[in-house]
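Asker: Mind looking over this structure? Questions follow.
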Amino acid sequence: MQVAESEGMQVVENEGMQVAESVGMQVAESEAMQVVENEGMQVADSVGMQVEENEGMQVAENEGLEHTNVLKVKVGWSYQLDTYLSPLAYPGMQIGIGNEWWQGFRQDTRLGKQGKLVNWAHVGRVDVHGFRNINSARSNMTYAVEASGGWGAFYCWRWFDSSLKVWLGPYLEGSFTARELASNVNKPVSFDISADVMAMSGISWSFYGKKTSYRLNYQIRTNLIGFDFLPDYWESYYELSEGVGGMPRCSGHWNHHSIKHELTMDFQFVHSTWRLGVEHDYLNYGTENMHFIRNQVNLVVGCIWNYRIKANSRL
Amino acid sequence: MKRLKHIICFVACVAMLTGCHSREEMAYSMDPVENVEALWQIIDTKYCYVEEKGVDWDAIHGVYLTKAATMAKDDQLALFDLCAEMLNLLQDGHVNLYSAFDRSYCTSWYDSYPTNFDSRLQGLYLKDYRIAGGLYYCTINDSIGYIYYSSFSSSFSASNIYWIFTAFKDCKGLIIDVRNNGGGDLTNSYKLSSPFFTENRVVGYWQHKTGPGHHDFSKMEELRSDTSLIASRWRRPVVVLSNRHSYSATNTFINIMRYADNAKIVGGTSGGGGGMPLSYELPCGWMVRFSSVRMYDAEQKDIEQGIEPDVAVEMKSQDKDDIIEKAIEMIYNW
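Protein chains in written order, with this note's numbering: chain V, -5 to 309; chain A, 1222 to 1555.
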């Protein structure tokens, strides 16, 4: 048993209720985990942590909504092929930061019906990336900044005493990318905007090691339908010939493929919970004979913590 | 566990699928045949004036591939010259090849035309001038405003225009001289023409290249003047001076001004360059620029070959600028 009790904190179980559980949460939601708060203090999240019963303690019945937050730093490789710009690939590097938070729709333990978990939860994400790609002749390069954000809701299924979970649900994502092309005589700067309804799915597996516990996560998102938009597309080095008059273009799998997936491991280290993993984003959009293709592979290092927003608290 | 295996298989499939790259990707190469072939293909599939230039592009393919096959593979200068020679057959100022050591250019589209501009003679009129943004201005005979704009790449503001018009408030008319202006930012074409319109009129059309075929274009889209770009208005006569070196964005400006209130074009035929240029790269990393958007006037006539002036004037005098003199005469007799 691993106890994440901080000094001075009291960690408790409340008669079989699982207080800090966020249903379907990717990170802090281990079914076995029983985390407690004492008078508004938060217990540092430990993946898969089990907290001993402490009979002399009490748990607050309504601690409010628990959120699990992951702040990530990403460093990786990117590959870009824009067949309207060049037949040459533009490999390069990128760095980024991202934040995601997970939360059960309902956190009130009294509504949990003595341990019955609410399986709907939701997730939000914000990511910012910077790219620098050089063509294979090393005669031209691009710089780009991409900001994206999204929100999704999902339903979670559990097996093996909740150590194995699978979730599935819709996800809404918007992104904005600004590009600069170092050697372009016409349109050195361009940008595009897209918004998509995506399908999101994931699987997580919690298990115990000798000293601590781990969670292995895999999640994937792919677009279903949305729109993309290139203002002044006639000036852009990428021309969306189907987008007439600079209007947003309806996009779906027939002209726009987006797959984002990541494999991560959560674990405890130096009294904190960390995430280490790999992300891969794939984007391919265009018309029948012009394509913009981008692959990104990132090494992800993240720090995980939980916090609670107290329900009905006065400002 | 069986489910888990299925999931792992699914993940592996997704990773493999997303790892596949497009077949359009080309590896870096300095091979002359490969680069000449790529250059020919780019022009054949992406350039918008292949048919209009009156060259047999298919025949050129064989001729230049044969030349490339006999070249040394490490002679970059010779390869550049060969590619430039092939491009110059199109006689298009918007078609250029860029490398780290050279940029190709074509002169045949203006070589056979009169120069119609002499900076020495222009200096007889452009005296004691002021400069507002990229616009040089002065008054001629205290009764005619004169603006010289040498490049549409030079920006100017609505405030610049306001002060220029204020300086010309007692003038009978205005001369805008865009001779030897090789173009620049198309936005400035619409901006400079804005004060001379009282409504947003159709001034032209354009068509985008949408596929590899020589006739693969989008439908024609209207282009309109934009009165909102500059708040000031000029309701008196305006004469625009042009010559063969009035090219690209300047050509577009001249076309727009044809539909302005109280405006006339005087001088020589403009240089053309109506097509909006884009860039592409060769396997060796050199960049080729070419037109990919066709532009037309309001009567849907292509403006790539240039625009005829309302009043054609050729400079012959050695002691005066005949085109400016004609513009002054027209304003006095408007």
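Backbone N, C-alpha and C define an ideal beta-carbon position, used for all residues, glycine too. It should be emphasised that the depicted structure is a prediction, and the values quoted were computed from it without experimental measurement.
Taking only the alpha-carbon atoms, compute the straight-line gap between Leu1450/A and Tyr279/V and give it to the nearest angstrom.
Answerer: For the purposes of this step, residue 1450/A is taken as the residue at position 229 of the second sequence. For the purposes of this step, residue 279/V is taken as the residue at position 285 of the first sequence. Each residue's Cα considered, the two are about 34 Å apart.
Asker: Decide if Tyr1468/A is buried, meaning its Cβ has at least 16 other Cβ atoms within 10 Å, or exposed.
Answerer: Residue numbering aside, residue 1468/A sits at position 247 when the second sequence is read from its first letter. Tyr1468/A is buried by the Cβ-count criterion.
Asker: Using 7 Å as the limit for Cβ to Cβ distance, is Asp1398/A near chain V?
Answerer: Numbered from its first residue, the second sequence carries residue 1398/A at position 177. No, no contact with chain V.
Asker: Using a beta-carbon distance below 7 Å, is Glu55/V in contact with chain A?
Answerer: For this step, residue 55/V is matched to residue 61 along the first sequence. The predicted position of Glu55/V is uncertain, since its pLDDT is 40 and thus under 50; a value taken from the coordinates is nonetheless stated next. Judged by the 7 Å Cβ criterion, Glu55/V is not in contact with chain A.
Asker: Measuring alpha carbon to alpha carbon, tell me which residue in Ser184/V, Leu166/V, Ser245/V is nearest Glu174/V.
Answerer: Position 180 of the first sequence holds residue 174/V. Checked all of Ser184/V, Leu166/V, Ser245/V; the closest Cα to Glu174/V is Ser184/V.
Asker: Please report whether the beta-carbon of Ser235/V lies at a distance below 7 Å from any beta-carbon of chain A.
Answerer: Sequence index remark: in the first sequence, residue 235/V carries index 241 (1-based). Reliability fails at Ser235/V, whose pLDDT of 47 lies under 50, so the model's placement of it is uncertain and no value is given.
Asker: So, does the CB of Pro81/V fall closer than 7 Å to a CB anywhere in chain A?
Answerer: In the first sequence, the residue the question calls residue 81/V occupies position 87. Interface residue, yes.
Asker: Spell out whether any CB of chain V is found under 7 Å from the CB atom of Ser1500/A.
Answerer: Position 279 of the second sequence holds residue 1500/A. Yes, Ser1500/A counts as interfacial toward chain V.
Asker: Helix or strand or just coil, what does DSSP make of Asn292/V?
Answerer: Reading the first sequence from its first residue, position 298 is the one you call residue 292/V. Note: Asn292/V maps to strand in three-state DSSP.
Asker: At which residue ranges does the segment 1524 to 1552 of chain A contain complete beta strand (DSSP E) runs of 3 or more residues, listed in the order of the chain?
Answerer: none
Asker: Can you tell me where the alpha helix (DSSP H) holding His1443/A begins and where it ends?
Answerer: For the purposes of this step, residue 1443/A is identified with residue 222 of the second sequence, where counting begins at 1. For clarity, residue 1443/A is Glu in the given sequence; the question names His instead. That residue, Glu1443/A, is in no alpha helix (DSSP H); its beta strand (DSSP E) goes 1442 to 1445.
Asker: Any beta carbon from chain A within less than 7 Å of Leu166/V's own beta carbon?
Answerer: The sequence position of residue 166/V within the first sequence is 172, counting from 1. With a threshold of 7 Å between beta carbons, Leu166/V makes no contact with chain A.
Asker: Are Gly1354/A and Ser1333/A close, meaning C-beta to C-beta below 7 Å?
Answerer: Mapped onto the second sequence, residue 1354/A falls at position 133. Mapped onto the second sequence, residue 1333/A falls at position 112. Contact flag unset, no.
Asker: On the three-state DSSP scale, how would you describe Leu1450/A?
Answerer: Counted from its first residue, the second sequence places residue 1450/A at position 229. Three-state result, Leu1450/A: coil.
Asker: Compare the Cα-Cα distances from Arg1324/A to each of Lys1547/A, Phe1301/A, Asp1543/A, Gly1432/A and report the closest residue.
Answerer: As a working mapping, residue 1324/A is identified with position 103 in the second sequence. The shortest Cα separation from Arg1324/A among Lys1547/A, Phe1301/A, Asp1543/A, Gly1432/A belongs to Phe1301/A.
Asker: So is Asp39/V buried or exposed if we call it buried at 16+ other beta carbons inside 10 Å?
Answerer: As a working note, residue 39/V is residue 45 in the first sequence. Bear in mind that the predicted position of Asp39/V carries a pLDDT of just 37, short of 50, making it too unreliable to give a figure here.
Asker: Which residues, taken in chain order from the segment 1524 to 1555 of chain A, show a beta carbon closer than 8 Å to some beta carbon of chain V?
Answerer: none
Asker: I'd like to know whether the C-beta of Ser176/V is nearer than 7 Å to at least one C-beta of chain A.
Answerer: Counting from 1 along the first sequence, the entry for residue 176/V is found at position 182. The sequence shown places Ala at residue 176/V, rather than the Ser named in the question. At a cut-off of 7 Å between C-beta atoms, Ala176/V does not count as an interface residue with respect to chain A.
Asker: Any Cβ of chain V within less than 7 Å of the Cβ of Met1247/A?
Answerer: Against the second sequence, residue 1247/A aligns to sequence position 26. Answer yes: the Cβ-Cβ gap between Met1247/A and chain V drops below 7 Å somewhere.
Asker: Going by DSSP, name the residue or residues bridged to Ile1352/A.
Answerer: What you label residue 1352/A is simply residue 131 of the second sequence in a count that begins at 1. According to DSSP, which records beta bridges pairwise, Ile1352/A is partnered with Tyr1357/A.
Asker: Identify whether Thr1408/A lies in helix, strand or coil by the three-state DSSP scheme.
Answerer: Here residue 1408/A corresponds to residue number 187 of the second sequence, with the count starting at 1. It is helical.
Asker: Considering only C-alpha positions, which residue in the set Asp275/V, Lys205/V, Leu166/V is nearest to Gln74/V?
Answerer: Along the first sequence, read from residue 1 onward, the residue named residue 74/V stands at position 80. Ranking Asp275/V, Lys205/V, Leu166/V by CA distance to the CA of Gln74/V puts Asp275/V first.
Asker: Report the neighbours of Cys1505/A on chain V: residues whose CB is nearer than 7 Å to its CB, in chain order.
Answerer: Counted from its first residue, the second sequence places residue 1505/A at position 284. Going along chain V in sequence order, the residues near Cys1505/A (Cβ under 7 Å) are Ala131.
Asker: One question on the structure: do Gly1394/A and Tyr1517/A come within less than 7 Å of each other, judged by their Cβ atoms?
Answerer: The residue given as residue 1394/A occupies position 173 in the second sequence. The residue given as residue 1517/A occupies position 296 in the second sequence. Contact flag unset, no.
Asker: Using the three-state DSSP reduction, which class does Asn1554/A fall into: helix, strand or coil?
Answerer: Counting from one through the second sequence, the residue named residue 1554/A turns up at place 333. Note: Asn1554/A maps to coil in three-state DSSP.
Asker: At the level of alpha carbons, what is the spacing between Pro1498/A and Gly1283/A?
Answerer: The count along the second sequence starts at 1 and reaches residue 1498/A at position 277. The count along the second sequence starts at 1 and reaches residue 1283/A at position 62. The straight-line gap from Cα to Cα measures roughly 26 Å.
Asker: Does the Cβ-Cβ distance between Val1487/A and Val1459/A come in under 7 Å?
Answerer: Numbered from 1 along the second sequence, position 266 holds the residue referred to as residue 1487/A. Numbered from 1 along the second sequence, position 238 holds the residue referred to as residue 1459/A. Contact flag unset, no.
Asker: For Glu167/V, write down the residues that DSSP places opposite it in a beta bridge.
Answerer: Residue 167/V sits at position 173 when you count from the first residue of the first sequence. Glu167/V pairs with Gly144/V, Asp190/V.
Asker: Taking the beta strand (DSSP E) that Arg1479/A belongs to, which residues open and close that run?
Answerer: The residue labelled residue 1479/A in the question sits at position 258 within the second sequence. Neither: Arg1479/A is in no beta strand (DSSP E) and is coded neither H nor E.
Asker: For chain A, is any of its Cβ atoms less than 7 Å away from the one on Leu210/V?
Answerer: As a working note, residue 210/V is residue 216 in the first sequence. False, the Cβ-Cβ gap to chain A never drops below 7 Å.
Asker: Examine chain A for any beta-carbon lying closer than 7 Å to the beta-carbon of Leu224/V, and answer yes or no.
Answerer: Start at 1 with the first residue of the first sequence, and residue 224/V comes out as number 230. It does not: the Cβ of Leu224/V has no partner Cβ on chain A nearer than 7 Å.
Asker: Could you tell me whether the Cβ atoms of Ile298/V and Val120/V are closer together than 7 Å?
Answerer: For this step, residue 298/V is matched to residue 304 along the first sequence. For this step, residue 120/V is matched to residue 126 along the first sequence. No, these two residues do not count as a Cβ contact at 7 Å.
Asker: Determine, for Leu277/V, whether the minimum Cβ-Cβ distance to residues of chain A falls below 7 Å.
Answerer: On the first sequence, position 283 is the one that residue 277/V refers to. With 7 Å as the cut-off, Leu277/V does not count as an interface residue toward chain A.
Asker: Please go through the segment 1376 to 1435 of chain A and give each complete beta strand (DSSP E) segment of 3 or more residues, from N-terminal end onward.
Answerer: 1394 to 1398, 1423 to 1429
Asker: Measuring only between beta-carbons, confirm whether Leu75/V sits less than 7 Å from chain A.
Answerer: Position 81 of the first sequence, counted from the first residue, corresponds to residue 75/V. Yes, its Cβ sits closer than 7 Å to a Cβ of chain A.
Asker: Provide the residue(s) that pair with Pro85/V in DSSP beta bridges, ordered along the chain.
Answerer: Here residue 85/V is taken as the residue at index 91 of the first sequence, counted from 1. Pro85/V pairs with Tyr73/V.
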